[in-house]
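Below is one structure, written out as structure tokens, with a few remarks after it.
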Ligand code: 3PG
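Structure (structure tokens):
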């Protein structure tokens, strides 16, 4: 079988070597398409692929239609909002992700961003500490759980809102379950977003929630820009000079936000939460193993469609 790794944002070389080892040991052929400049290159490369490994690369109906042999797509990572699940299902193509494999990397970056924000973007003026502050996790999935673990070391009080996670799971992790998302926002000095981008969550964080944040709060977004109502965020930041927004996902209205809140917003140049050698190795090799298991035994335990 031909396994195509198509990554606009490449994995570390050590991860690619590991993926190759797994794929070739299973008797398959690995084809690598990295940093592709045009969609045409991707459409071309998928034409003969039986399996596809991607990251945030867009796999829409056009890409799937260009891949007549394709049986499985594995998103080496957590969020699969970049893949057209309906189109894949209609074609009988299995879509999987690799949950948890890159979550520690993202969680560590939450603190990189949070420390920068409370230290006033490193401008040299007196900031505040994380110790003793209230950290609110909007969702308690794999990343949220890693963030909670690290937050304990900082001496933070951690709460979470997640209607899909039982309260006992949070309590066992030393996290206080909160009943409503409004209560979470109202009680968080640092609010960290960990919800996926779905039709229900898109644009769901707007004026109503952001206005509830306590004085001096910091919002950390390492999830997806789509979950934010970006014009509303700009308006709230302009009205509330005490708030800060730091994100690993560059907003569409970055210039507007920078103008509305000079020195109070920061965006990484390119999404890099999962961009560590460790996360690349974990997610990449998990993807390769899942493809091997799929072709060998029909295993689809990580299927999301
Ligand atoms: C994910 O959903 O796994 C993260 O957002 C990482 O995405 P990336 O593989 O594009 O860095």
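Numbering (the numbering used here), first residue to last: 36 to 340.
Where is the CB? At the ideal position from N, CA and C, for every residue including glycine.
Unbroken alpha helix (DSSP H) run spanning residue 210, endpoints
As a position in the chain shown, residue 210 is number 175, starting the count at 1. If you look at residue 210, you'll find it isn't in any alpha helix (DSSP H); DSSP assigns it neither H nor E.
- Message: By the DSSP assignment, the beta strand (DSSP E) with residue 132 in it spans what residues?
- Response: Within the chain shown, numbered from 1, the residue matching residue 132 stands at position 97. First-last of the beta strand (DSSP E) with residue 132: 129-132.
Within its chain, find whatever has a CB closer than 6 Å to the CB of residue 261; leave out the 5 residues flanking it on each side and keep chain order. What you label residue 261 is simply residue 226 of the chain shown in a count that begins at 1. Same-chain partners within the cutoff: 232, 237.
Quiz prompt | Whole-number beta carbon distance between residue 153 and residue 162, since they are thought to touch under 8 Å | solution = Here residue 162 refers to the residue found at position 127 of the chain shown. Here residue 153 refers to the residue found at position 118 of the chain shown. Right, the Cβ-Cβ distance comes to about 5 Å (below 8 Å), so this counts as a contact.
Legend entry - Own chain partners of residue 63 with C-beta closer than 6 Å, once the 5 adjacent residues on each side are dropped: Position 28 of the chain shown, counting from 1, holds the residue named residue 63. Here the set comprises 36, 38.
- Message: Along the chain, where does the alpha helix (DSSP H) containing residue 284 start, and where does it finish?
- Response: By one-based count along the chain shown, residue 284 stands at place 249. Counted as a single uninterrupted DSSP element, the stretch harbouring residue 284 is not any alpha helix (DSSP H), since DSSP gives it neither H nor E.
Relative to the C-alpha of residue 54, which residue among 327, 332, 340 is closest?
Here residue 54 refers to the residue found at position 19 when the chain shown is read from its first residue. Measuring C-alpha to C-alpha distances from residue 54 to each of 327, 332, 340 identifies 327 as the nearest.
Inset, instruction - Note down the Cα distance separating residue 216 from residue 173, rounded to an integer number of angstroms. - result: Position 181 of the chain shown, counted from the start, is the residue given in the question as residue 216. Position 138 of the chain shown, counted from the start, is the residue given in the question as residue 173. Using only the alpha carbons, I get a separation of about 7 Å.
field: Proximal residues to residue 311 (C-beta, below 6 Å), its chain only, five neighbours per side dropped
entry: In the chain shown, residue 311 corresponds to position 276, counting from 1. Hits under 6 Å: 140.
Tell me the rounded alpha-carbon separation between residue 49 and residue 103. Taking the chain shown and counting its residues from 1, the one referred to as residue 49 is at position 14. Taking the chain shown and counting its residues from 1, the one referred to as residue 103 is at position 68. Rounded to the nearest angstrom, the two C-alpha atoms are 31 Å apart.
Measure the beta-carbon distance from residue 196 to residue 213 and round it to whole angstroms, keeping in mind my assumption that it falls under 8 Å. For the purposes of this step, residue 196 is taken as residue 161 along the chain shown, with counting starting at 1. For the purposes of this step, residue 213 is taken as residue 178 along the chain shown, with counting starting at 1. With a contact defined as Cβ atoms closer than 8 Å, residue 196 and residue 213 qualify at about 5 Å.
Alpha helix (DSSP H) segments (min. 4 residues) lying fully within the segment 220-298
DSSP runs (the alpha helix (DSSP H)) wholly in the segment 220-298: 242-245, 265-274, 289-295.
Please report the distance separating the alpha-carbon of residue 136 from that of residue 317. In the chain shown, residue 136 corresponds to position 101, counting from 1. In the chain shown, residue 317 corresponds to position 282, counting from 1. Their Cα atoms are separated by approximately 5 Å.
Inset, instruction - Would you check if the segment 141-148 and the segment 122-132 touch, i.e. whether three or more CB-CB distances between them fall below 8 Å? - result: Counting C-beta pairs with one atom in each stretch, the segment 122-132 and the segment 141-148 have fewer than three that are closer than 8 Å, which means they do not touch.
| field | In chain order, each alpha helix (DSSP H) run of at least 4 residues that lies wholly inside the segment 170-210 | value | Here the runs fully enclosed are 177-189, 202-207.
| query | Taking the DSSP output, what are the residues bridged to residue 66? | reply | If you number the chain shown from 1, residue 66 lands on position 31. Partner residues in the beta bridge of residue 66, as assigned by DSSP, are 39.
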